[in-house]
Structures are given as structure tokens and as C-alpha cells.
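What follows is a short report on a single structure.
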Amino acid sequence: MVGEAETAEEALRLTDELAPDVVILDIRLKNGSGIDVARALMRKGSTARVLVLTAHDFEQYVDALARAGVRGYLLKDTPPEQLIKAVHDVYEGHGVLPGRIAASVLDSLSRERRDSPRTPDDLTIREIEVLELLYQGRRNQEIAERLGISQRTAESHVANIFSKLGATTRAEAVRIAIEHGYIKKQ
Numbered sequence: 077m078v079g080e081a082e083t084a085e086e087a088l089r090l091t092d093e094l095a096p097d098v099v100i101l102d103i104r105l106k107n108g109s110g111i112d113v114a115r116a117l118m119r120k121g122s123t124a125r126v127l128v129l130t131a132h133d134f135e136q137y138v139d140a141l142a143r144a145g146v147r148g149y150l151l152k153d154t155p156p157e158q159l160i161k162a163v164h165d166v167y168e169g170h171g172v173l174p175g176r177i178a179a180s181v182l183d184s185l186s187r188e189r190r191d192s193p194r195t196p197d198d199l200t201i202r203e204i205e206v207l208e209l210l211y212q213g214r215r216n217q218e219i220a221e222r223l224g225i226s227q228r229t230a231e232s233h234v235a236n237i238f239s240k241l242g243a244t245t246r247a248e249a250v251r252i253a254i255e256h257g258y259i260k261k262q
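Below, the structure written as C-alpha cells:
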């Protein structure tokens, strides 16, 4: 440890003077927050990596901390050996989150992924071909004939496309496909 500060201004001044590799900040400071200090360090182009400590394990902090350039977030009751490991991990460029927060963030990302349209990688080549035919206004029987597949298979492809894109109609599927670059508007 090379310095200690009680205020946001003092933390910024000491970071400038001492140029530490890792800055450990409390999320709540006397006249600001650790997030404010992290943002200021990022704006200044500081190379110091930031680890924030807090008494609260609120998932909503994670997004604000990440946008502020914070590399780690730990609870104040973290055992000393884990804190030391976290400092080393942050120094090496790794992200650090308490286990229960990491699990919550992963759950949230999973829900978000499930509820949002997929990326082009999620559609098969055949599904993209079907989408192009949907864009042309083709019905299932025409799609089947064009692609040399059964009508039931064409219907399955359309159902899969709806599911993957979160669409409920052909028009909506085509709109989403155009918005996400699956097919080009002609």
C-alpha cells in the first residue's frame, strides 16, 4: 500500500502523485463515490486498475462499475487472503466479482440472451435461405418446392426462425432479419 485517501479529490491527487498499479476504492467516499473516481481516472487515461470495495452486494452496481472502467468489485467482508488474490487478479487484467454477484450477473445475461433476438450465427444457412424466400412473400409450399424439401420441413424452418428471432409473424421475422443483417433489403 502506497497511500490512503478519505475523499474523492484526495484519491485522485494521490493516484496522480503515486501512480499505483491498482487503486482500491470504497464505493462511498466523503464527497463522492468510488465510481466517480474510477470515471475520472479513466477520463484522465490513468493506467491504474481499479478494485472497488462495498458493504452492499447489489447487482445494479456492476453495470455502472464496468462502464467506469472498474476491474473488480468485492464486499468489505472479503477475507484478507481473497482480497490479496483479487488485487493480483485485477493487476493482471482479470475481472473480479463476488461469487453470488457473478452468478446473478450470469443469470441476468442468460435471461437477456433468451429474451432478445439472436445473432446471425444462431441461424443456419438453410434458415437464412428460408428467410430470403419469406422476404419474397413465398408460402410454405413454394419454399418447400424451391428448396427441394417437404412442406412440413419448410414449416419447421419457419417455426425455428420465429423462435430464434422472437417473431410472431412472417412480416416481423423479415423486419428483424433486415434490421440484423440476416438478409439485404432489395
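Using my numbering, the letters of the sequence shown map in sequence onto residues 77 to 262. Positions of the beta carbon are idealized from the N, C-alpha and C atoms, including for glycine.
Closest residue to residue i among the options (Cα-Cα distance)
{"i": "A95", "options": "L241, G213, V78 and L101", "result": "V78"}
{"i": "R228", "options": "N216, I237 and Y149", "result": "N216"}
{"i": "G175", "options": "A162, E168, G169 and L90", "result": "A162"}
{"i": "Y167", "options": "I252, T123 and E208", "result": "T123"}
{"i": "E93", "options": "L159, N107 and L117", "result": "L117"}
Own chain, CB closer than 6 Å to residue i, minus 5 neighbours either side, in chain order
{"i": "V146", "result": "A114, V126 and V128"}
{"i": "D165", "result": "V172"}
Status (buried if at least 16 other CB within 10 Å, exposed otherwise) for residue i
{"i": "T244", "result": "exposed"}
{"i": "A84", "result": "buried"}
{"i": "H233", "result": "buried"}
{"i": "A263", "result": "What the structure shows of the chain is the stretch from 77 to 262, and residue 263 is not part of that stretch, so it cannot be assessed."}
{"i": "I201", "result": "exposed"}
{"i": "G110", "result": "buried"}
Own chain, CB closer than 7 Å to residue i, minus 5 neighbours either side, in chain order
{"i": "G121", "result": "none"}
Assumed close pair residue i, residue j - CB separation to whole angstroms, cut-off 8 Å
{"i": "I237", "j": "A249", "result": "5 Å"}
Segments of 4+ residues assigned as alpha helix (DSSP H) that fall wholly inside the region 95-164: 110-120 and 136-143
- prompt: In the region 209-246, which residue ranges form an unbroken alpha helix (DSSP H) of at least 4 residues, counting only runs that do not cross its ends?
  reply: 216-223 and 227-241
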